[in-house]
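**Q**
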Amino acid sequence: MALNLQKAEFVKSAAAPDALIRDALPKIVFSGKSNVGKSSVINRVLGREGFARVGAKPGRTAHVNYFKIDGRAYFVDLPGYGYAQVAREEKARWSRLMEYFFANMEFSLGVFIVDCRHRPTAEDVTMAGWFRETGSPVVVAANKRDKVKNSELQAKLDTIRESLELGDTEIIPFSARTGEGERRLAAFLEFAARGGAGA
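Residue numbering for the sequence shown follows numbering that gives the first Met the number 0, starting at 0 and increasing by one per position.
1) Residue 61 CB to nearest chain D CB: under 8 Å?
2) Using a Cβ-Cβ cutoff of less than 8 Å, which residues in the same chain neighbour residue 5 once the five nearest sequence positions on both sides are dropped?
3) Taking the continuous beta strand (DSSP E) assigned at residue 141, which residues delimit it?
4) Just the C-alpha distance for residue 142 and residue 109, rounded to the nearest angstrom, thanks.
5) Mind checking residue 151: buried by the 16 CB within 10 Å criterion, or exposed?
6) Taking DSSP's pairing of strands, which residues face residue 80 in a bridge?
7) Near residue 16, which residues of its chain fall below 6 Å by C-beta distance, leaving aside the five closest residues on each side in sequence?
8) Count the other CB atoms, across all protein chains shown, that sit within 10 Å of the CB of residue 182; report buried if there are 16 or more and exposed otherwise.
9) Would you grab the beta carbon distance between residue 7 and residue 68 for me? Rounded to a whole angstrom, and I think it's under 8 Å.
10) Threshold first: 4 residues or longer. Then list the alpha helix (DSSP H) segments lying entirely within the segment 79–138, N to C.
11) How many Å lie between residue 117 and residue 41 at the Cα?
12) What three-state label does DSSP hand residue 16 in the structure shown?
13) Kindly indicate which three-state DSSP category residue 147 falls into: helix, strand or coil?
14) Would you call the segment 135–149 and the segment 159–177 touching, i.e. three or more CB-CB distances under 8 Å?
15) Does the distance from the CB of residue 127 to the CB of residue 184 come in under 8 Å?
16) Between which residues of its own chain and residue 157 is the CB-CB distance below 7 Å, once the five residues before and five after are set aside?
17) Spatial neighbours of residue 147 within its chain, please: CB distance less than 7 Å, with the 5 preceding and 5 following residues excluded, ordered by chain position.
18) Measure how close the beta-carbons of residue 75 and residue 27 come, nearest whole angstrom, since I'm counting them as under 8 Å.
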C-alpha cells in the first residue's frame, strides 16, 4: 500500500536526548541550514502548506520535531543550523543534541537539504560528515533549483557533490516552489517507510 503523505500529524518536539522517540517505526530525518527552505520542502512533499512551520526568522527552533506519516513512519525534522544571530549557548545546546542524535539514534533515511545555488558551507560539510558516519542511506535535495539557470545546473550539482564528498549519493534538483523533484524524493520516502533504504 502506498504511503499516504497527506495523512500527517505532529507528534512532539524534543529538546533533550531523553525526549527523542525510540520506537520501532521507520524514521526519515530531514536536515539543512536555517534558511535553506527545509520546512517548505517538507510541506511540499506532504502537500500540506504551512504544516511544518516556516519561520519568518530562521534559526529560532532548536528542537527535534516529529511528524507521524500515515501511522507508518516518522518524519524527523532536525533544527536548522548556521544562523549567525543565534546565541552562543543555544548553538552549543544544538551541537550537543545533534552529536547525541547522530551517535545514538537509528534512522531509515536521511534527507539532506542544501541550497542549489551556492557552494556548501562549513556547517553543511560537518552535517554531511555526521550523516556519512551513521552508515544510513542519504539522499540530497538541492532546493531552490528554480533559481538556477538550466545551463548552470550541472556545474552547481558537481560542486555540491565534490564539496560534501557525496560519492554516488543521489542529488535531486528540487524546488519547493514549483514541485520539481517532488516525485523522485517521494519515491525515496516511500521505500524508506517500508523499511527499505533507497529508491
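Here a beta-carbon is modelled for each residue, glycine too, at the ideal position from N, C-alpha and C.
**A** Straight from the coordinates:
1) Included in the structure is just one protein chain, with no chain D present.
2) 45, 46 and 47
3) 137–142 is the extent of the beta strand (DSSP E) around residue 141.
4) 15 Å
5) exposed
6) 32.
7) 99
8) exposed
9) 5 Å
10) 87–103 and 121–133
11) If you take the alpha carbons of residue 117 and residue 41, they lie about 21 Å apart.
12) helix
13) coil
14) yes
15) no
16) none
17) 115, 116 and 155
18) 7 Å
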